[in-house]
Amino acid sequence: QVQLVESGGGLVQAGGSLRLSCVVSGSIFRINAMGWYRQAPGKQRELVARISGGGGTTNYKDSVKGRFTISRDNAKNTVYLQMNSLKPEDTAVYYCNSLTLPGSWGQGTQVTVSS
Numbered sequence: 034q035v036q037l038v039e040s041g042g043g044l045v046q047a048g049g050s051l052r053l054s055c056v057v058s059g060s061i062f063r064i065n066a067m068g069w070y071r072q073a074p075g076k077q078r079e080l081v082a083r084i085s086g087g088g089g090t091t092n093y094k095d096s097v098k099g100r101f102t103i104s105r106d107n108a109k110n111t112v113y114l115q116m117n118s119l120k121p122e123d124t125a126v127y128y129c130n131s132l133t134l135p136g137s138w139g140q141g142t143q144v145t146v147s148s
């Protein structure tokens with residue numbers, strides 16, 4: 034069973050940056066493709082970025098391409114999401130999860146971007 038703990042969210046002004054972290058335990062992290070998701074109020078959870086187990090392949094939702102970067106440190110069982118040029122529409126609770134062996138959702142981390 035995968036356990037997930039997200040952190041790094043906060044309140045920033047439009048154009049600002051945040052770096053989210055997700056520590057994963059309970060599985061062989063390096064074999065798990067991982068994803069960052071977000072859920073805005075009244076909307077469904079959506080996948081915004083994904084990364085392969087080795088970190089060599091990444092994919093992004095069109096609206097975050099060029100602004101967000103997903104990465105991972107397999108030695109630390111951690112996946113990151115660097116978010117630059119943040120926009121108010123990026124406001125959401127951000128979650129990570131394994132795409133290979135999804136676990137129960139963590140508590141997420143709130144990102145609020147003010148205009």
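Note that the sequence shown covers residues 34 to 148 in our numbering.
Where a beta carbon is used, it is the ideal one built from N, C-alpha and C, also for glycine.
These figures come from a predicted structure and were not determined experimentally.
Closest Cα partner of residue i within the set the options
i    : options              : result
V144 : G136, A82, K120      : K120
G86  : I61, Y93, L80        : I61
P135 : R52, A47, Q72, G59   : G59
Q36  : A47, T111, S96       : T111
S147 : R78, V97, S118, G139 : S118
E79  : S96, N65, D106       : S96
G88  : A66, G48, S40, S50   : A66
Proximity below 8 angstroms, CB of residue i to CB of residue j
i    : j    : result
S54  : Y127 : no
Y70  : V57  : no
T133 : I84  : no
G41  : N130 : no
Host beta strand (DSSP E) of residue i (start-end)
i    : result
W138 : Looking at the DSSP string, W138 is not in any beta strand (DSSP E), and its letter there is neither H nor E.
D123 : First-last for D123: undefined, no H or E at that position.
A82  : 79-84
Bridge-paired residues (DSSP) for residue i
i   : result
V56 : V38, T111
Sequence-distant residues of the same chain with beta carbon closer than 8 angstroms to residue i, five excluded per side
i   : result
K94 : E79, L80, V81, A82
S50 : Q115, M116, N117, S118, L119
6 angstroms CB neighbourhood of residue i in its chain, flanking five on each side removed
i   : result
G99 : none
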